[in-house]
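Structure first, then comments.
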Amino acid sequence: MKFPIVSTIAVALCTLATTVQAELKIATVNVIDVYTKYYKRFDTEAELQKQLAEVKKQITQREDELRAMQEDLKKLQAKYDPSLSQSAVEKLKQEFDAKQVEARAKEQSLKDFAQRRSLSFNEIRSREMSILVQDVLKSIKEVAAESGCDIVADSGALSVHPEIGIQLPAFPYLKDGFDITPEVIKKLNAGAPAGFDPDAKLKSLYSEAEAAPAAPAPKATKPSKK
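Count the sequence shown with the numbering used here and you get residues 1 to 226, in order.
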């Protein structure tokens, strides 16, 4: 009996796929877990927080200056009295208009400054995080090579499904087995300070974040026009 050529090819492909599957050594790693527990990540975050605090300080200083101008405008408005002479009213109006122009210029300057500093900070943060990620990937490759792995799947990867509006695991099922996450974390933190404990560091970091009160954002008020 002669088999159709298509059927013969299909059988050959199935046999090849089975053989390749049997020879491949597949491991898993949780990339986010590795990144989160990388000791340099804590140092980088601490430095970025210092820079962010300085940016906020500079913005707050400019907001205070703007509020002071707005208070001056209110005081000028309060000086108006119908009994004032025409010349006095005109002088008060000129002073008010000049102060209002100055306040508007200060407000625009504040917006521009905040935008520039925000963009600059985001660029710095992105660059620093990219360096950390490259370290993580390098360690994953090294551990995978040492362990003889052919493929390493990210067990924490997610995929977006717009149709249902939620994220789902990129790999719906990964058989429990060869997880190299602990080995990668160990390699990454080989140069960490003595006594460094990533789990304790994370716990402390989250505790500080929960304890810190959220500062209310200052509301900028526009000077009213007389």
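The beta carbon of each residue, even a glycine, is placed where N, CA and C say it ideally should be.
query	result
List the whole-angstrom C-beta distance separating Ala170 from Leu158, where the pair is believed to meet the contact cut-off of C-beta under 8 Å.	6 Å
Considering Cα atoms alone, identify which of Lys106, Tyr39, Lys25 and Ile26 is closest to Ala194.	Tyr39
How long is the line joining the alpha carbons of Ser207 and Ala192, rounded to whole angstroms?	22 Å
Determine the closest residue to Glu107 out of Glu63, Asp135, Val34 and Lys175, with distance taken between C-alpha atoms.	Glu63
Going by the C-beta, is Asn30 closer than 6 Å to any heavy atom of the ligand SAH?	Of the ligands one can find in the structure shown there are none, so the ligand SAH has no counterpart to examine.
Just verifying my parser: in three-state terms, what is the DSSP assignment at Ala192?	coil
If you scan the region 129–190 from start to end, which runs of the alpha helix (DSSP H) of 4 or more residues do you find wholly inside it?	181–188
Classify Ala105: buried if its beta carbon has 16 or more other beta carbons within 10 angstroms, exposed otherwise.	exposed
From Arg41, Val34 and Ala98, pick the residue whose C-alpha is nearest to that of Arg127; which is it?	Arg41
Taking the C-alpha atoms as reference points, what is the distance between Ile185 and Pro162?	33 Å
Where does Gln58 land, buried or exposed, given buried means 16+ other C-beta within 10 angstroms?	exposed
Check whether the Cβ atoms of Val152 and Val29 sit closer than 7 Å, and answer yes or no.	yes
Using DSSP with H/G/I as helix, E/B as strand and the rest coil, what is Ala10?	Note that Ala10 scores 49 on pLDDT, short of 50, meaning its location in the model is unreliable; the coordinates nonetheless yield the value given after this. Note: Ala10 maps to helix in three-state DSSP.
Going by the beta-carbon positions, is the gap between Pro182 and Lys37 smaller than 7 Å?	no
Could you tell me the alpha carbon to alpha carbon distance between Lys75 and Ala68, rounded to whole angstroms?	11 Å
Ala46 and Asp179 look like a contact to me (Cβ under 8 Å); what is the Cβ gap, rounded to whole Å?	Incorrect: roughly 29 Å between the Cβ atoms, too far for contact.
In its own chain, which residues sit with a C-beta less than 8 Å from the C-beta of Leu52, not counting the 5 before and 5 after it?	Phe121
Under the DSSP definition of a beta bridge, which residues are partnered with Ile26?	Ile151
Taking the Cβ atom as the reference point for each residue, do Lys50 and Cys149 lie within a distance shorter than 7 Å?	no
Can you list, in chain order, the stretches of the alpha helix (DSSP H) that have 4 or more residues and sit fully within the region 26–88?	31–36 and 39–78
Suppose the cutoff is 8 Å on Cβ atoms and the five residues either side in sequence are ignored; what does the same chain contact list for Leu92 look like?	Leu76, Lys79, Tyr80 and Leu84
What did DSSP end up calling Asp197 once you bin it into helix, strand or coil?	coil
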